[in-house]
Amino acid sequence: MRKAIALLLTLALLLTGCGGQHVPQDTAQAGEGWPVTVDNYGREVTVTAAPERVLTLGPNCTEIFAALGLAGRVVGRSLVNHSRGPLEEYAGAVNAIPVLNQASATREAVLSSGADFIYAIDWEISDTGCNIEEAEAYGMAVYVNAATTLEEQYQEIMDLGALFGVEETAEAFVTDQQARIDAVQEALDGQEAVEVLVYDSGNDGVFTCSGSNFESLLISLAGGHNLFDDLEDQQWVTVSYEEVLAREPDIILIHDYDTPSVEEKIAEIEGNPVLSQLACVREGRFATITLESVLPGCRMAWAVEHLAQAFHPDRFSGQ
Numbered sequence: 055m056r057k058a059i060a061l062l063l064t065l066a067l068l069l070t071g072c073g074g075q076h077v078p079q080d081t082a083q084a085g086e087g088w089p090v091t092v093d094n095y096g097r098e099v100t101v102t103a104a105p106e107r108v109l110t111l112g113p114n115c116t117e118i119f120a121a122l123g124l125a126g127r128v129v130g131r132s133l134v135n136h137s138r139g140p141l142e143e144y145a146g147a148v149n150a151i152p153v154l155n156q157a158s159a160t161r162e163a164v165l166s167s168g169a170d171f172i173y174a175i176d177w178e179i180s181d182t183g184c185n186i187e188e189a190e191a192y193g194m195a196v197y198v199n200a201a202t203t204l205e206e207q208y209q210e211i212m213d214l215g216a217l218f219g220v221e222e223t224a225e226a227f228v229t230d231q232q233a234r235i236d237a238v239q240e241a242l243d244g245q246e247a248v249e250v251l252v253y254d255s256g257n258d259g260v261f262t263c264s265g266s267n268f269e270s271l272l273i274s275l276a277g278g279h280n281l282f283d284d285l286e287d288q289q290w291v292t293v294s295y296e297e298v299l300a301r302e303p304d305i306i307l308i309h310d311y312d313t314p315s316v317e318e319k320i321a322e323i324e325g326n327p328v329l330s331q332l333a334c335v336r337e338g339r340f341a342t343i344t345l346e347s348v349l350p351g352c353r354m355a356w357a358v359e360h361l362a363q364a365f366h367p368d369r370f371s372g373q
């Protein structure tokens with residue numbers, strides 16, 4: 055009993071403290087420590103000095119720069135339409151950054167930005183817009199956000215710390231994330247996982263995440279099991295309503311971003327002749343999370359804490 059109480063108290067401190075984290079200052083210095091080379095996306099990325107003009111293509115990428123105290127170096131951000139706004143502790147820094155594109159970054163906007171460094175979620179730096187090779191030809195170093203495990207995302211943060219000369223800040227951030235996730239794991243010890251259907255959208259089926267998606271990992275760390283984790287060929291998949299019914303989820307996790315609203319998505323589900331047969335729908339067992347919170351980035355611990363409270367409210371009552 056004492057151990058359980060101690061674990062819950064530790065988690066409570068972590069949960070209440072995460073909203074008021076101190077945002078570090080930019081301490082990168084020119085000169086010493088460069089050039090720096092890191093491995094990323096099957097290639098080497100080299101900078102000869104801490105980059106000065108950065109594009110963060112994806113809200114998750116932007117928040118990492120705020121978390122590392124580097125928001126002042128960001129001259130443009132994209133995919134704002136996929137965000138419900140930054141975490142409170144980063145709001146001032148993130149909202150001060152100019153919007154390069156409200157949706158996906160266009161080729162023209164990227165190449166005319168004057169940036170010397172790009173940190174982009176993988177589907178934002180592709181042949182559908184400006185690709186890596188073209189950006190590099192314009193003098194931009196490109197680091198791709200494509201983590202599929204906690205270790206890979208921690209390494210991305212450490213790499214950015216090295217590239218920008220803020221290694222200690224990056225290490226402290228990673229240590230904090232690890233401690234908070236460990237606290238959730240201890241609090242969930244012995245708890246049976248709940249079956250989770252991720253509902254991004256519905257149109258001739260449910261658009262959901264697969265087992266290779268980073269979100270599936272976060273769900274498992276929060277005491278859940280992604281209903282479609284056996285599908286791994288691509289990160290996002292469309293499954294039939296009948297298949298969802300056959301697998302019988304315990305709870306439906308709805309992505310909150312842009313349009314339609316969460317309320318509209320719930321109305322879609324409740325009005326669907328197949329999904330409306332699910333017990334979790336009849337009993338109103340829904341949870342929500344903002345899309346940027348389940349992308350690989352700096353919200354790993356926040357997302358695990360948030361999801362764990364939704365999946366196992368009995369373990370986190372009063373949090």
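The opening residue of the sequence shown carries number 55 in this note's numbering; numbering runs sequentially from there.
Just so it is clear, CB atoms sit at the ideal spot from N, CA and C, and this is done for glycine as well.
On a predicted model such as this, the values are computed, not experimentally measured, just so you know.
> Are there 16 or more other CB atoms within 10 angstroms of the CB of THR110, so buried, or fewer, so exposed?
Replying inline: The residue given as residue 110 occupies position 56 in the sequence shown. So THR110 ends up on the buried side.
> Do you know how far the Cα of HIS279 is from the Cα of SER270?
Replying inline: Within the sequence shown, numbered from 1, the residue matching residue 270 stands at position 216. Within the sequence shown, numbered from 1, the residue matching residue 279 stands at position 225. Rounded to whole angstroms, SER270 to HIS279 spans 8 Å at the Cα level.
>> Quick check on DSSP: helix, strand or coil for GLY259?
In response: Within the sequence shown, the letter at position 205 stands for residue 259. Residue state, collapsed to three classes: coil.
> Could you give the distance in angstroms between the alpha-carbon of GLY338 and the alpha-carbon of GLU249?
Replying inline: Within the sequence shown, residue 338 is the residue found at index 284, counting from 1. Within the sequence shown, residue 249 is the residue found at index 195, counting from 1. CA-to-CA, the gap between GLY338 and GLU249 works out to about 15 Å.
> For PHE227, which of helix, strand or coil comes out of DSSP?
Replying inline: Here residue 227 refers to the residue found at position 173 when the sequence shown is read from its first residue. In the structure shown, the three-state DSSP call for PHE227 is helix.
>> I need the boundaries of the alpha helix (DSSP H) containing ILE343, first residue and last residue.
In response: Here residue 343 corresponds to residue number 289 of the sequence shown, with the count starting at 1. That residue, ILE343, is in no alpha helix (DSSP H); its beta strand (DSSP E) goes 340-344.
> Could you give the uninterrupted runs of the beta strand (DSSP E) lying entirely in the segment 185-245, keeping only those of 3 residues or more?
Replying inline: As far as the segment 185-245 is concerned, its whole beta strand (DSSP E) runs of at least 3 residues are 195-199.
> Can you tell which of LEU214, GLU322, ARG301, PRO152 has its C-alpha closest to the C-alpha of ILE308?
Replying inline: If you number the sequence shown from 1, residue 308 lands on position 254. When only C-alpha atoms are compared, the closest one is GLU322.
> Which same chain residues, not among the five before or five after LYS319, have their C-beta less than 6 Å away from its C-beta?
Replying inline: Taking the first residue of the sequence shown as 1, we reach residue 319 at position 265. So the qualifying residues of the chain are ILE308.
> Thinking just about the alpha-carbon of each residue, which of LEU204, SER315, PRO140, ASP181 is nearest to the one in CYS115?
Replying inline: For the purposes of this step, residue 115 is taken as the residue at position 61 of the sequence shown. Considering only alpha carbons, the answer is PRO140.
> With DSSP run on the structure shown, which of helix, strand or coil describes ILE323?
Replying inline: Within the sequence shown, the letter at position 269 stands for residue 323. Note: ILE323 maps to helix in three-state DSSP.
> Secondary structure at SER315, three-state DSSP: helix, strand or coil?
Replying inline: In the sequence shown, the residue the question calls residue 315 occupies position 261. For SER315, the three-state secondary structure derived from DSSP is coil.
> Closest to ALA150 by CA distance: which of ALA157, THR344, ARG161, VAL128 is it?
Replying inline: Translated into the one-based positions of the sequence shown, residue 150 becomes position 96. Ranking the options by Cα distance to ALA150, first place goes to VAL128.
> Helix, strand or coil: how does DSSP classify THR182 here?
Replying inline: Your numbering for residue 182 matches position 128 in the sequence shown. Reduced to three states, the DSSP call for THR182 is coil.
> So, ILE175 versus LEU349, is the Cβ gap smaller than 9 Å?
Replying inline: As a working note, residue 175 is residue 121 in the sequence shown. As a working note, residue 349 is residue 295 in the sequence shown. Closer than 9 Å, so yes.
> Using the beta-carbon count (16 or more within 10 Å), is ALA300 buried or exposed?
Replying inline: Your numbering for residue 300 matches position 246 in the sequence shown. Here ALA300 is exposed: its Cβ has fewer than 16 other Cβ atoms, across all protein chains shown, within 10 Å.
> If you count every other CB in all the chains shown that lies within 10 Å of the CB of VAL153, and 16 or more means buried, which is it?
Replying inline: Indexing the sequence shown from 1 puts residue 153 at position 99. Sixteen is the threshold: since fewer than 16 other Cβ atoms of the shown chains lie within 10 Å of the Cβ of VAL153, the residue is exposed.
>> Tell me which residues share the same chain as GLY183 and place their Cβ nearer than 8 Å to its Cβ, disregarding the 5 neighbours each side in the sequence.
In response: Locating residue 183 in the sequence shown gives position 129, counting from the first residue. Excluding positions up to five away in sequence, the list reads SER158, ALA159, THR160, ARG161, VAL164.
>> One question on the structure: do GLY259 and VAL228 come within less than 9 Å of each other, judged by their Cβ atoms?
In response: By 1-based counting over the sequence shown, the position of residue 259 is 205. By 1-based counting over the sequence shown, the position of residue 228 is 174. Cβ atoms of GLY259 and VAL228: not closer than 9 Å.
> Any idea what DSSP makes of ILE151, helix, strand or coil?
Replying inline: As a position in the sequence shown, residue 151 is number 97, starting the count at 1. DSSP, read as helix, strand or coil, puts ILE151 in coil.
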